[in-house]
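Residue 95 in the numbering used here sits at position 95 of the sequence shown, with consecutive numbering throughout.
Ideal Cβ placement from N, Cα and C applies to all residues, glycine included.
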Amino acid sequence: MKIRHFAVCSLAVAALSAHAGDAPTSQWRMTETSLFDLVQNGYSIVAVTGNASRIDASSEDTFFLQRTNSVYKCFDAHDAEARAKRGGATAHCFELIKADLAPSGK
């Protein structure tokens, strides 16, 4: 169990690069699946990281979810003032795929 937790945490650290600039050969594929849907379908949140900006009061949380051999990461970016007005933010989720299934970028 500790090895699995270490592997997931290592994956989380490795995946913390800026998601907006994911290279075309990224092993993360954008999905239409929501964070809510993943949890409802039996995925467990195995790691959460946060990144708060001191300049503009915005922040981004990254959730890593796992179910057996399937892993997703979801980014929940929000502005403190906007969140208070609209009640939440939308998380964008990405599925970890095999390297040979990722687009080649050519």
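Quick one: using the 10 Å Cβ neighbour count with 16 as the cut-off for buried, is D76 buried or exposed?
-> buried
Beta carbon of S34, beta carbon of A91: below 8 Å?
-> yes
With a threshold of 16 other CB atoms inside 10 Å of the CB of T62, please say whether the residue is buried or exposed.
-> buried
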